[in-house]
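Chain order of the listed sequences is U and C. My numbering applies: residue 1 is where the first sequence begins, and numbers increase by one. My numbering applies: residue 1 is where the second sequence begins, and numbers increase by one. Yeah, the Cβ is synthetic: ideal placement off N, Cα and C, and Gly gets one too.
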Amino acid sequence: MMRFGRFTAVTAALALTVALTACGADEDPLANDNGGGSAAPGTITIGSANFAESELLAEIYSQAIEAKGVQVKRQFNIGARELYLKALQDGSIDLLPEYNGALLSALTPGGAPEGVSKPEDVLGALKKVLPAGTEVLEQSPAEDKDTLTVTQETATKYSLKSIEDLKPVAKDLVIGAGPEWQERYQGLKGLEAVYGVKFKEFKPLDAGGPLTVNALVKGQIQVGNIFSTDSSITVNKFVVLEDPKSLYLAENIIPLIRTTANNPTVSGALNAVSAKLTTENLTTTLAKVQVDKQDTASVAKAWLTENGLV
Amino acid sequence: MNLDYLFDAAHWEFGTSGSIPQLLLSHLWYVVLALAIGTVIALPIGLYIGHTGRGSFIAINAGNAGRSLPTLGLLMLMVTLLGLGLLPVLIALTVLVIPPILTSAYAGLRSLDQRVVDAARGVGMRPWQVLTRVELPMALPVLMSGFRSAALQVVATATVAAAVGLGGLGRLLIDGLAVNDYSRVLAGAIVVAVLAVLLDLVLAFAQRWIVSPGLRVSR
């Protein structure tokens with residue numbers, strides 16, 4: 001009886017496993033209802049990363065393309081770059097907003113090469129490493145890049161305007177940034193090599209996120225890595241230190257698209273968006289989402305209307 | 001993805017900061033602290049509730065509420081309120097270890113054969129003696145299983161400390177992800193898993209050693 005019981009249990013478990021594997025096998029959570037790839041013919045599936053700015057840009061792209069009579073399917077909030085690049089390559093999405101420097105670092109083993117930091121250089125290097133079947137359109141002057149940011153008090157106390165001013169005082173200051181700063185050139189290494197700046201301590205936090213902002217406000221770090229379009233800079237009256245020697249990579253916003261989805265209508269609409277987008281107008285527009293908690297779709301619509309694109 | 005990072009001797013040198021042994025030690029330190037604080041808080045409450053039968057409502061609900069709190073979310077909230085440091089991490093991890101210890105202490109005492117407790121009272125033991133000499137030793141197997149489950153959870157979850165700038169084995173996971181070094185992420189995951197299994201083995205031996213041999217037969 002005992003043996004029979006165990007046999008039945010094992011068989012049941014096996015059957016269940018087989019059944020579960022069978023239904024799970026070809027199910028891709030990113031795939032569309034009609035079995036992967038683009039939805040209806042001519043429809044463009046637009047993706048975004050999982051942060052507010054990426055979603056806002058994807059929404060702006062969507063509405064700009066829709067205004068030209070192209071069907072758009074929104075597949076926003078996909079998470080890390082590894083995931084959405086995979087989704088782009090397998091055709092689950094066709095288009096998404098990217099940053100030229102960050103994309104270059106992600107696609108180059110060991111990170112972006114030293115010395116490549118100006119917008120044109122970055123774009124040139126990026127075009128060489130793009131995954132097969134994808135291309136980039138024109139990049140916009142708007143940048144969301146790494147900055148070294150301090151509070152108003154710290155800036156006044158040490159009279160800081162640019163990263164160069166940090167050199168004599170950095171030994172008393174703690175810097176907070178994403179963990180990658182410890183190792184990549186456009187982080188601590190470059191700061192030391194290019195500006196001769198060496199901090200007392202490095203605290204690995206989030207990349208320009210709420211942890212860094214909070215630690216800066218509470219004085220647990222004196223210098224923080226915050227992205228240039230972050231609304232926390234204006235909200236907290238932070239001082240962004242200038243980078244006269246261009247240590248930090250350009251991070252121009254650039255549409256990354258599958259070659260098969262690209263056509264003159266789409267590229268025309270997106271290039272017009274890129275031409276109008278600036279760091280300043282992106283910062284104020286993003287603040288409407290992050291600070292005033294407005295709906296992304298209506299903020300995107302307002303931006304497009306202001307710039308005469310819809 | 002490969003095992004290069006894990007098997008690179010340079011990553012095992014004790015002296016270098018950020019080496020695997022150093023991260024392991026700081027990880028264990030968070031685990032031990034959280035378990036110690038959690039036990040000091042949860043064990044007396046669990047024993048009191050189990051011994052007196054009063055407030056079992058609290059034990060069950062506090063246990064369930066604690067289990068459902070996501071540690072990472074709680075940690076971020078604590079960091080926002082208290083700033084960076086060891087304290088927010090310890091609070092988040094302690095909240096994680098309290099429920100299994102509390103409920104196992106309570107359940108261990110409640111599951112005892114009440115005739116044994118009556119007999120202990122009958123031979124003239126005081127309530128404190130009943131608790132320490134009869135109830136606690138007999139409830140130890142259940143209590144220890146709760147403690148072991150708390151230890152396993154906290155070993156795996158202490159990796160969140162790295163998300164707020166502290167050390168521990170989470171550094172391998174978080175730094176590895178940040179620089180696309182998956183070999184390092186894999187090394188972190190493996191070391192955490194091995195540490196969890198080793199710690200459970202140690203606790204299993206400890207359990208054999210402290211549980212009265214008379215109880216082993218019935219289990």
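- With contacts defined by Cβ atoms closer than 8 Å, Val239 of chain U and Val299 of chain U do not form a contacting pair.
- Residue pairing by DSSP places Leu69 of chain C in no beta bridge whatsoever.
- Among the CB atoms of chain C, one or more fall inside 8 Å of the CB of Ala215 of chain U.
- At a C-beta separation below 7 Å, Pro179 of chain U has these neighbours in chain C: Ile174, Asp175, Ala178.
- By the Cβ criterion, the stretch 110-121 of chain U is in contact with the stretch 173-191 of chain U, since at least three pairs of Cβ atoms, one from each stretch, lie closer than 8 Å.
- Here Gln186 of chain U carries a helix assignment [DSSP, helix/strand/coil].
- Under the three-state reduction of DSSP, Ser228 of chain U is assigned to coil, being neither helix nor strand.
- DSSP places Gln153 of chain C in no beta strand (DSSP E) but in the uninterrupted alpha helix (DSSP H) bounded by 136-157.
- Per DSSP, Thr260 of chain U lies in no beta strand (DSSP E) and is assigned neither H nor E.
- Shown here, Tyr48 of chain C sits in a helix according to DSSP, grouped into three states.
- Shown here, Glu120 of chain U sits in a helix according to DSSP, grouped into three states.
- Taking the Cβ atoms as the reference, Ser231 of chain U lies roughly 5 Å from Gln290 of chain U, within the contact range of under 8 Å.
- With its beta carbon at least 8 Å from every one in chain U, Gly73 of chain C lies outside the interface.
- Leu6 of chain C is outside the set of residues whose beta carbon lies under 8 Å from a beta carbon in chain U.
- Residue state for Ala177 of chain U is assigned as strand, using DSSP reduced to three classes.
- Residues Val192, Ala196 of the same chain have their beta carbon placed closer than 7 Å to that of Ala156 of chain C, with the five preceding and five following residues left out of the count.
- Within the stretch 83-144 of chain U, the complete alpha helix (DSSP H) segments of 4 residues or longer fall at 100-107, 119-129, listed in chain order.
- Contact with chain C is found for Lys218 of chain U, since one of that chain's Cβ atoms lies less than 8 Å from the residue's Cβ.
- Contact between Leu241 of chain U and Leu173 of chain U is absent: CB atoms are separated by about 12 Å, not below the 8 Å threshold.
- In this structure, DSSP gives Glu242 of chain U an extended state, which the three-state scheme calls strand.
- The three-state secondary structure of Asp146 of chain U, taken from DSSP, is strand.
- Put simply, the CB of Leu103 of chain U is far from chain C, with every gap to its CB atoms at 8 Å or more.
- Residue-level contact by beta carbon fails for Thr159 of chain C and chain U, as no gap is shorter than 8 Å.
- If you look at Gln290 of chain U, you'll find it in the alpha helix (DSSP H) that goes 279-290.
- In the three-state reduction of the DSSP assignment, Pro204 of chain U falls in the strand class, which pools E and B.
- Contact between Leu47 of chain C and Leu131 of chain C holds: CB atoms are separated by about 7 Å, below the 8 Å threshold.
- With three or more CB-CB distances shorter than 8 Å, the stretch 30-45 of chain C counts as touching the stretch 158-171 of chain C.
- Excluding its 5 nearest sequence neighbours in each direction, Ala59 of chain C has C-beta neighbours in its own chain below 7 Å: Gly46, Ile49, Leu102, Thr103, Tyr106, listed in chain order.
- Neighbours of Ala106 of chain U across chain C, judged by C-beta separation under 9 Å: Asn180.
- Non-local beta-carbon contacts of Gly55 of chain C in its own chain, meaning distances under 8 Å to residues more than five positions away in sequence, involve Tyr48, Ile49 in chain order.
- Of the other Cβ atoms in all chains shown, 16 or more fall within 10 Å of the Cβ of Arg258 of chain U; this residue is therefore buried.
- The DSSP-derived three-state label of Gly55 of chain C is coil.
- Inclusion of Ser54 of chain U and Pro97 of chain U in the CB contact set at 8 Å is warranted, their separation being smaller than that value.
- Listed along the chain, the chain U residues whose CB falls inside 9 Å of the CB of Leu84 of chain C are Gly176, Lys203, Leu205, Leu211, Asn214, Ala215, Lys218, Gln220, Ile221.
- Taking the C-beta atoms as reference points, Leu186 of chain C is found no nearer than 8 Å to Leu35 of chain C.
- No Cβ-Cβ contact shorter than 8 Å links Pro131 of chain U with Asn252 of chain U.
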